[in-house]
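As given, the protein sequences belong to chains F and G, one line each in that order.
Counting from 1, position 149 in the first sequence corresponds to residue 149 in my numbering; the numbering is continuous, with no gaps.
Counting from 1, position 205 in the second sequence corresponds to residue 205 in my numbering; the numbering is continuous, with no gaps.
The next block holds one structure in the form of structure tokens; read it before the comments.
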Amino acid sequence: MSKVIEIENFSYEYPDGTAALSNISLSVEHGQRLTLIGPNGAGKSTLLLAMAGFVKGTGKVLVDGLQINRQNLRKIRTLLGCCLENPDDQLFMPTLFDDVAFGPLNMGLDAEQVKNRVSEALKTVGLAEMADKAPHHLSAGQRRVAAIATILSMAPKIITLDEPDGSLDPRNRKNLIKLLSGLPQTLIIATCDMNFAAAIADRAVLLDKGGVIADGDAIKIMSDSRLMTEHGLEVPGQFKNIARRSTSN
Amino acid sequence: MHHAYIDKFAYQDSPVHRLDSRVKFIVTLVFTAAVVSLPRTSPSILTCYAIGPFMMLVLGRIPLRFAFKHILLVSPFILVLAVTCPLYDRTPVAVAFGTFLWQTSLGWMRCFTILGKFIVTMLALIALVSTTRFSDLLTGLQKLGLPKLLIIQLGFLYRYIFILIDRAHHILRARAGRKLANLGFAAELKIAAAMLGSLLIRSIDSAEHVNIAMQARGFEGKWRSISRLKIRRCDLLFTLTAVSFLLGLHFFVKPILL
Chain F
1 MSKVIEIENF SYEYPDGTAA LSNISLSVEH GQRLTLIGPN GAGKSTLLLA MAGFVKGTGK
61 VLVDGLQINR QNLRKIRTLL GCCLENPDDQ LFMPTLFDDV AFGPLNMGLD AEQVKNRVSE
121 ALKTVGLAEM ADKAPHHLSA GQRRVAAIAT ILSMAPKIIT LDEPDGSLDP RNRKNLIKLL
181 SGLPQTLIIA TCDMNFAAAI ADRAVLLDKG GVIADGDAIK IMSDSRLMTE HGLEVPGQFK
241 NIARRSTSN
Chain G
1 MHHAYIDKFA YQDSPVHRLD SRVKFIVTLV FTAAVVSLPR TSPSILTCYA IGPFMMLVLG
61 RIPLRFAFKH ILLVSPFILV LAVTCPLYDR TPVAVAFGTF LWQTSLGWMR CFTILGKFIV
121 TMLALIALVS TTRFSDLLTG LQKLGLPKLL IIQLGFLYRY IFILIDRAHH ILRARAGRKL
181 ANLGFAAELK IAAAMLGSLL IRSIDSAEHV NIAMQARGFE GKWRSISRLK IRRCDLLFTL
241 TAVSFLLGLH FFVKPILL
């Protein structure tokens with residue numbers, strides 16, 4: 001399988017000198033569903049921003065073989081869709097149509113192609129009837145999937161999502177899991193919700209204090225109760241039986 | 001968020017809602033200019049002009065209560081201006097209404113004219129924003145040649161003003177939850193400044209995130225949009241009706257009432 005993200009010895013410090021990411025090395029293969037787990041302040045969001053070229057540190061970051069630099073940035077932005085934590089930051093246009101059309105228009109597509117992309121993306125997230133609504137007229141769950149539609153309309157190869165399950169009720173969370181599970185793109189999801197991560201991911205990367213603590217199969221990492229507790233996390237409900245069995249063995 | 005949005009009826013469907021935003025905007029602009037330019041001593045003619053926005057509200061199925069509630073919300077400034085008129089202009093004038101004749105002062109006439117003009121122009125403005133989606137209005141203004149930068153700023157203002165109000169409400173609620181006694185003017189002022197500072201920092205933070213979201217979707221400083229506006233036969237009919245109404249009032253009704 002081809003690698004869509006390659007990070008080698010990446011480090012980043014906040015302007016006040018605090019180390020946010022230290023010596024991160026990571027590669028993501030095409031079609032993988034990777035979850036970045038870790039306690040608050042572990043560096044998950046910063047790592048997602050580094051992948052999209054918004055955080056410049058030391059080390060190497062390649063997106064689909066392209067080094068992040070000024071020349072490649074435009075191409076990288078069409079390859080990697082970056083969905084921020086707060087949907088209100090992601091939805092900044094007066095209507096949902098305009099918001100979903102924003103990316104394709106910047107890609108230089110013509111009006112007809114943009115309209116097709118918008119209707120396709122809104123249909124995928126189940127908001128086809130809401131195109132003319134203003135974002136502040138949508139519910140929290142609708143805003144969340146609308147934010148994903150703004151990325152889908154650009155048809156990226158990779159999608160990064162920062163805490164996509166934040167403040168969602170169980171029904172909306174279930175709908176979001178169904179939506180994300182059906183997407184063909186490579187997904188990189190940063191979350192603190194272990195049940196949500198376990199429902200989607202096939203690979204997990206545990207981050208803490210800016211470093212990679214564990215990287216591997218999602219079930220194996222997330223069912224390791226000792227590892228999870230040590231880093232302020234919990235074993236997700238669906239993996240508790242596996243965790244019990246491995247503890248008794 | 002549970003704000004009473006000024007455009008809460010703009011998403012309805014009615015013949016007025018379906019009209020092109022450019023046509024509605026220009027008609028409202030000309031109507032407002034016509035009302036404002038009426039003589040200061042003619043409150044009676046204003047009732048005839050009020051028929052226009054009144055019809056727009058009725059045909060657009062906008063509750064009149066909603067319109068008058070919003071007029072009341074912004075009325076204090078005009079009320080202060082209007083009620084001071086009788087104080088400084090006491091020139092006596094005779095007023096005739098049919099067979100009734102009575103004497104009053106020019107100040108009171110001005111007071112009623114200011115209030116009348118305010119109500120009629122506000123009705124027209126509310127009719128415009130309640131029957132036009134803000135996004136369509138912005139696209140219309142852009143098509144009419146308003147600077148793109150202004151349109152973008154208006155778009156952001158409309159998108160984020162409600163979020164800002166919401167945040168301010170949350171901060172006020174958090175303060176109310178812990179405010180157990182009156183701390184005095186100086187302390188309250190200090191708290192208010194801290195609250196404003198917090199709101200400002202969060203706004204800057206949001207602006208940075210919006211900037212990231214825009215760049216992530218390929219924004220490089222050039223604003224692109226798709227216009228979905230189209231002038232149709234009903235728009236021409238509306239323009240013709242509005243022009244006939246204004247000309248009729250100006251040339252036939254005004255000479256009789258003034």
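Glycine is no exception: its CB is placed at the ideal position from the N, C-alpha and C atoms.
Cβ-Cβ separation, Gly31 of chain F to Thr186 of chain F (assumed contact under 8 Å), whole Å: 6 Å
is_contact[Ala218 of chain F, chain G] using C-beta, thresh 8 Å: So no, Ala218 of chain F is outside the interface.
Collapsed DSSP secondary structure at Tyr12 of chain F in the structure displayed: strand
Leu36 of chain F vs Leu207 of chain F beta-carbon contact at 8 Å: yes
Option in F:Gly53, F:Lys56, F:Gly43 and F:Asp64 with minimal Cα separation from Ser27 of chain F: F:Asp64
At least 3 beta-carbon pairs within less than 8 Å: the segment 236-246 of chain F vs the segment 210-222 of chain G: no
Cβ-Cβ distance between Ala10 of chain G and Ser105 of chain G below 8 Å: no
Backbone CA spacing between Glu230 of chain F and Asn106 of chain F [nearest angstrom]: Their backbone Cα atoms lie some 45 Å apart in a straight line.
Proximal chain F residues relative to Leu128 of chain G, where beta-carbon distance stays under 8 Å: Near Leu128 of chain G there are no residues of chain F at all, since even the closest Cβ is about 16 Å away, more than 8 Å.
Nearest neighbour of Ile24 of chain F, chosen from F:Asn175, F:Gly210 and F:Gln90 [CA to CA]: F:Gly210
Inter-residue CB distance, Leu154 of chain G and Leu138 of chain G (contact presumed, cutoff 8 Å): 6 Å
Reduced DSSP secondary structure (H/G/I, E/B, other) of Asn252 of chain F: Past the edges of chain F, shown from 1 to 249, lies residue 252 of chain F, and the structure says nothing about it.
Burial state of His136 of chain F, where buried means 16 or more other Cβ atoms lie within 10 Å: When all chains shown are included, His136 of chain F counts as buried.
Length of the line joining the Cα atoms of Asp88 of chain F and Leu96 of chain F: 12 Å
For Asp162 of chain F: DSSP bridge partner residues: F:Ala190
8 Å Cβ cutoff met for Pro164 of chain F and Cys83 of chain F: yes
Range covered by the beta strand (DSSP E) that runs through Ala204 of chain F: Per DSSP, the continuous beta strand (DSSP E) segment holding Ala204 of chain F begins and ends at Arg203 to Asp208.
Asn69 of chain F at chain G interface by Cβ criterion, 8 Å: no
7 Å Cβ shell around Thr91 of chain G - same chain, five flanking residues per side excluded: These residues qualify, in order along the chain: Ser105 and Leu106.
For Thr121 of chain G, the nearest candidate out of G:Ala174, G:Ile171, G:Leu146 and G:Met56 (CA to CA): G:Met56
Min CB distance Gly103 of chain F to chain G below 8 Å: yes
Which of helix, strand or coil DSSP assigns to Pro255 of chain G: In the structure shown, Pro255 of chain G sits in a helix (DSSP, three-state: H, G or I).
Buried versus exposed call for Pro104 of chain F [16 or more other C-beta atoms within 10 Å across all chains shown]: buried
Sequence-distant residues of its chain with Cβ nearer than 6 Å to Thr239 of chain G (five each side left out): Val23
Alpha-carbon to alpha-carbon, Leu73 of chain G and Cys85 of chain G: 21 Å
Tyr49 of chain G beta carbon less than 8 Å from that of Val35 of chain G: yes
According to DSSP, residues forming a beta bridge with Gln103 of chain G: G:Ala94
Given 8 Å, three or more beta-carbon pairs between the segment 60-71 of chain G and the segment 174-192 of chain G: no
Beta-carbon spacing of Thr160 of chain F, Ala50 of chain F below 8 Å: no
Classification of Asp99 of chain F by the beta-carbon crowding that lies within 10 angstroms, buried from 16 upward: buried
is_contact[Ser21 of chain G, chain F] using C-beta, thresh 8 Å: no
Contact under 8 Å by Cβ, Ala168 of chain G with Leu200 of chain G: no
Rounded separation between Ile213 of chain F and Ser135 of chain G - CA only: 48 Å
Beta-carbon separation (whole angstroms), Asp217 of chain F vs Arg226 of chain F, contact threshold 8 Å: Rounded, the Cβ-Cβ distance is 16 Å, inconsistent with contact.
Whole beta strand (DSSP E) elements within the segment 19-89 of chain F, 3-residue minimum: Counting whole runs of 3 or more residues, the segment 19-89 of chain F contains the beta strand (DSSP E) stretches 19-29, 33-37, 58-63 and 80-83.
Coil, strand or helix - Val58 of chain G by DSSP: helix
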